[in-house]
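>
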Amino acid sequence: MERMERLIPEIEQLFRAKERRRARLAAMPFPEKVRAVVQMQKMVAPLLRGRGLQVRIWEMKSIDDTH
Amino acid sequence: MERTLQVLNELERDGVLSRYAIGGAMGATFYIEPLLTFDLDVIVLLPETKGGLLTLTPLYEVLRAKGYAEEGECVVIEGVPVQFLPAYNALLEEALREALGMPYQATSTRVLRVEHLVAICVQTGRAKDRERVRILREQATLDDEYLAAVLRRHQLEGRWKEWSD
Chain A
791 MERMERLIPE IEQLFRAKER RRARLAAMPF PEKVRAVVQM QKMVAPLLRG
841 RGLQVRIWEM KSIDDTH
Chain B
373 MERTLQVLNE LERDGVLSRY AIGGAMGATF YIEPLLTFDL DVIVLLPETK
423 GGLLTLTPLY EVLRAKGYAE EGECVVIEGV PVQFLPAYNA LLEEALREAL
473 GMPYQATSTR VLRVEHLVAI CVQTGRAKDR ERVRILREQA TLDDEYLAAV
523 LRRHQLEGRW KEWSD
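These protein sequence lines are chains A and B, in that order.
Our numbering numbers the first residue of the first sequence as 791 and each following residue consecutively.
Our numbering numbers the first residue of the second sequence as 373 and each following residue consecutively.
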């Protein structure tokens, strides 16, 4: 019980940090969000392909897209 | 992505599409944290055909002629799989009519209003739509009056109440 009480403030702090991060991500300009989506696609694609799913990572060809 | 939007704008300018707007996960991403997706969902109003049939065939033919291949239910336009969804009911027609013009770098595009994205999720009603509504309510700034009117007009208040409990 004592240990739980000690952990709770730390966990609350983690949740608050998570919330702040999500708010920061939500406020990003859209092109940056698109880059984040492509990053996520790159991270997830090997897992999905390992499960037999065909997925395509978006190409970001233009100079503006790669900034 | 920018080039993909330019192609969509060209299709609209050339009359292949009457109007388009981004919806789905990328539409939501305009308003909230980035969501993982592999498709760009695009709601389209198609020009009327002689028989009054709602078909994507002419659009697909134009895209094929431009060298863009179909892949499953998408067409890969400049490296981005685009899924076209014709506005097949009153809610989607309204959402498309009232979509907002937005810039993407040097290119203008259109995105569904966040209230319509919410209403479409409520209408579609799957578990993942419910989860998306939760995130939109948490992170996006919703015009409550506008949303209430959309939900009322399209008889979605019941499920909205159910999901709000």
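Glycine included, each C-beta is placed from N, C-alpha and C at the ideal position.
Just so we're clear, the structure is a prediction, and the values are computed from it rather than from any experiment.
1. In the DSSP assignment, find the alpha helix (DSSP H) that holds V505(B) and state where it starts and stops.
2. Could you tell me if D515(B) is buried or exposed, where buried requires 16 or more neighbouring beta carbons within 10 angstroms of its beta carbon?
3. Going by beta-carbon coordinates alone, are I394(B) and R482(B) separated by less than 8 angstroms?
4. In whole angstroms, what is the alpha-carbon distance linking L797(A) and R806(A)?
5. Give me the Cα-Cα distance between G840(A) and K832(A), rounded to the nearest whole angstrom.
6. For I492(B), is the classification buried or exposed, using 16 other Cβ atoms within 10 angstroms of its Cβ as the cut-off for buried?
7. Check I404(B) in the structure and name its three-state DSSP category.
8. Can you give the Cα-Cα distance for A859(A) and E443(B), rounded to whole angstroms?
9. Using a Cβ cut-off of 8 angstroms, which residues of the segment 474-493 of chain B contact any Cβ in chain A, in chain order?
10. Beta-carbon within less than 6 angstroms of D501(B)'s beta-carbon, same chain only, minus the 5 sequence neighbours each way: which residues are those?
11. Quick one: is T402(B) near chain A, going by C-beta distance under 8 angstroms?
12. Can you tell me whether I801(A) is buried or exposed, with buried defined as 16 or more other CB within 10 angstroms of its CB?
13. Answer with yes or no whether the minimum CB distance from V452(B) to chain A is below 8 angstroms.
14. Per DSSP, what kind of secondary structure is Y440(B) in: helix, strand or coil?
15. Under a CB-based cut-off of 8 angstroms, is G399(B) close to chain A?
16. Shortest alpha-carbon distance to T401(B) belongs to which of Q495(B), A478(B) and L484(B)?
17. With a CB to CB cut of under 6 angstroms and the five nearest residues on each side skipped, what residues in its chain are close to L418(B)?
18. Please list, in chain order, all residues of the same chain as I847(A) whose beta carbon is under 8 angstroms from its beta carbon, the five residues on each side excluded.
19. Alpha carbon to alpha carbon, what distance is there between G497(B) and R825(A)?
20. Are the beta-carbon atoms of E374(B) and Y440(B) separated by less than 8 angstroms?
21. On the DSSP bridge list, what partners appear for C446(B)?
22. Select from E510(B), P453(B) and T421(B) the residue whose C-alpha is nearest the C-alpha of F410(B).
23. Taking buried to mean at least 16 other C-beta atoms within 10 Å of its own C-beta, is P406(B) buried or exposed?
24. Would you please verify whether the beta carbon of A816(A) is less than 8 angstroms from any beta carbon of chain B?
25. Identify, in the order they occur along the chain, each residue of the same chain with its Cβ nearer than 7 angstroms to the Cβ of C446(B), setting aside the five sequence neighbours on each side.
Reading it off the structure:
1. For this step, residue 505(B) is matched to residue 133 along the second sequence. Start and end: A499 to Q511.
2. Position 143 of the second sequence, counted from the first residue, corresponds to residue 515(B). When all chains shown are included, D515(B) counts as exposed.
3. Residue numbering aside, residue 394(B) sits at position 22 when the second sequence is read from its first letter. Residue numbering aside, residue 482(B) sits at position 110 when the second sequence is read from its first letter. Closer than 8 angstroms, so yes.
4. Taking the first sequence and counting its residues from 1, the one referred to as residue 797(A) is at position 7. Taking the first sequence and counting its residues from 1, the one referred to as residue 806(A) is at position 16. Whole-angstrom Cα-Cα distance: 14 angstroms.
5. As a first step, residue 840(A) is located in the first sequence; it is residue number 50 there, counting from the start. As a first step, residue 832(A) is located in the first sequence; it is residue number 42 there, counting from the start. The straight-line gap from Cα to Cα measures roughly 13 angstroms.
6. Taking the second sequence and counting its residues from 1, one reaches residue 492(B) at position 120. Per the 10 Å Cβ criterion, buried.
7. Taking the first residue of the second sequence as 1, we reach residue 404(B) at position 32. I404(B) falls in the coil class under three-state DSSP.
8. This structure cannot speak to residue 859(A), because chain A is shown only from 791 to 857.
9. M474, Y476, Q477 and A478
10. Walking along the second sequence from the start, residue 501(B) turns up at place 129. Answer for D501(B): C493, listed in chain order.
11. Position 30 of the second sequence, counting from 1, holds the residue named residue 402(B). Checking the sequence, you will find Phe at residue 402(B) rather than Thr. Yes, F402(B) counts as interfacial toward chain A.
12. Within the first sequence, the letter at position 11 stands for residue 801(A). Exposed.
13. Here residue 452(B) corresponds to residue number 80 of the second sequence, with the count starting at 1. With 8 angstroms as the cut-off, V452(B) counts as an interface residue toward chain A.
14. Here residue 440(B) is taken as the residue at index 68 of the second sequence, counted from 1. Here Y440(B) sits in coil by DSSP.
15. By one-based count along the second sequence, residue 399(B) stands at place 27. So no, G399(B) is outside the interface.
16. Indexing the second sequence from 1 puts residue 401(B) at position 29. Of the candidates Q495(B), A478(B) and L484(B), the one whose C-alpha sits nearest the C-alpha of T401(B) is L484(B).
17. For the purposes of this step, residue 418(B) is taken as the residue at position 46 of the second sequence. For L418(B), where only same-chain residues beyond five positions count, the Cβ hits under 6 angstroms are P458.
18. Numbered from 1 along the first sequence, position 57 holds the residue referred to as residue 847(A). Correct list, in chain order: V828, Q831, K832 and A835.
19. Numbered from its first residue, the first sequence carries residue 825(A) at position 35. Numbered from its first residue, the second sequence carries residue 497(B) at position 125. Distance between the alpha carbons of R825(A) and G497(B) is about 29 angstroms.
20. Within the second sequence, numbered from 1, the residue matching residue 374(B) stands at position 2. Within the second sequence, numbered from 1, the residue matching residue 440(B) stands at position 68. Contact flag unset, no.
21. Locating residue 446(B) in the second sequence gives position 74, counting from the first residue. Answer by DSSP bridge pairing, in chain order: E443(B).
22. Locating residue 410(B) in the second sequence gives position 38, where the first residue counts as 1. Comparing Cα positions, the closest option is P453(B).
23. Walking along the second sequence from the start, residue 406(B) turns up at place 34. Classification for P406(B): buried.
24. For this step, residue 816(A) is matched to residue 26 along the first sequence. Yes, because at least one Cβ of chain B sits closer than 8 angstroms to the Cβ of A816(A).
25. Against the second sequence, residue 446(B) aligns to sequence position 74. Only D411, P453, V454 and Q455 meet the Cβ criterion.
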